[in-house]
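So in the working numbering, spot 181 of the sequence shown is number 181, and the numbers just go up one at a time.
All remarks here apply to the structure that follows.
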Amino acid sequence: MNSIDRLRELYRARSKHSDYQRTAPALAPLLGDDCLPSVDRLEPERFLFLHRHLPLAGRSVIDIGANCGYFTLEALRAGATSVVAFEGNLEHAAFLGLAGELLAFGPRLTVRATYLDPRHATCNDHADVIFCLNVIHHLGDDFGVDATNVGHARHEMGRYIRSLTHLGSHLVLQLGFNWRGNRHLPLFEHGTKQEQIDFVSWLAGDDWAIRAIGIAHERESCAGLQYEPPASHNLGRRNDLGEFANRPIFLLENTSPPR
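This is how it looks when you write it as structure tokens:
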């Protein structure tokens with residue numbers, strides 16, 4: 001089996017988080033139309049927002065829960081000096097490693113086929129920017145502690161986010177409204193964006209400062225969504241856009257004392 005066939009085989013492997021993320025644009029010619037996912041979780045729009053507020057050229061990155069590598073590969077394409085991608089799904093990790101080889105990113109990309117436990121990360125894992133995109137609401141399910149209920153899970157999410165301060169200077173964070181992705185286990189009483197903003201403020205504690213928040217909103221001039229600062233016209237929940245488009249994206253800066 002050649003490398004491209006192997007890449008396609010890995011992409012087709014079924015798992016809980018299959019088809020969760022678009023593939024990076026550079027991979028489309030390699031995978032072919034029959035492998036491209038139909039899902040749209042606003043990857044280009046989210047990347048544009050974070051890169052506009054936090055240019056990645058010349059910066060190192062850690063990607064927690066890299067999935068099939070959209071944000072990892074786009075960060076490298078945007079000029080990141082290096083990316084360490086943590087992905088506990090073995091097929092996804094193998095897919096991303098092989099994709100990096102085929103795209104000739106060489107030593108700039110390191111893939112670790114494991115879930116990231118900040119307590120056991122090495123000093124070599126420190127980066128300028130950490131991506132933690134739609135991961136922590138699965139804490140106590142896919143990885144981490146054995147959380148027993150939503151309250152326990154919320155507490156552990158706070159511990160996890162604050163423990164990332166020794167790994168990076170900036171944090172790009174997004175999370176779901178339901179623990180384990182289960183709508184019967186809501187993290188917030190009313191499922192509002194403001195409740196999530198308040199929760200992330202608590203998660204940040206004194207260790208992270210929120211520098212920017214992006215809310216998906218319809219463009220006035222053309223079709224599609226873009227991320228813009230919170231305002232009265234975009235904080236209301238829009239169920240017609242789907243659950244994912246209601247998730248704010250946060251850019252945080254490390255304010256904790258050096259360790």
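No residue lacks a Cβ here, since even glycine has one placed at the ideal position from N, Cα and C.
Coil, strand or helix - residue i by DSSP
{"i": "GLY168", "result": "strand"}
{"i": "ALA223", "result": "coil"}
{"i": "GLU189", "result": "coil"}
{"i": "THR110", "result": "strand"}
{"i": "GLY176", "result": "coil"}
{"i": "VAL129", "result": "strand"}
{"i": "GLU243", "result": "coil"}
Status (buried if at least 16 other CB within 10 Å, exposed otherwise) for residue i
{"i": "HIS120", "result": "exposed"}
{"i": "ARG183", "result": "exposed"}
{"i": "ARG41", "result": "buried"}
{"i": "THR23", "result": "buried"}
{"i": "ALA13", "result": "exposed"}
{"i": "ALA28", "result": "exposed"}
{"i": "PRO118", "result": "buried"}
{"i": "HIS170", "result": "buried"}
Endpoints, beta strand (DSSP E) assigned at residue i
{"i": "SER82", "result": "82-86"}
{"i": "PHE250", "result": "249-254"}
{"i": "VAL61", "result": "60-64"}
{"i": "ALA216", "result": "208-218"}
Span of the alpha helix (DSSP H), counted from its first residue to its last, around residue i
{"i": "ILE4", "result": "3-12"}
{"i": "VAL150", "result": "150-163"}
{"i": "ALA28", "result": "28-31"}
Beta-ladder partner(s) of residue i, from DSSP
{"i": "PHE143", "result": "LEU139"}
{"i": "GLU228", "result": "ILE215"}
6 Å Cβ shell around residue i - same chain, five flanking residues per side excluded
{"i": "VAL145", "result": "GLU156"}
Chain-order list of residues whose beta-carbon lies under 7 Å from that of residue i (same chain, five-residue window excluded)
{"i": "ARG77", "result": "ALA26"}
Own chain, CB closer than 8 Å to residue i, minus 5 neighbours either side, in chain order
{"i": "GLY32", "result": "ARG8"}
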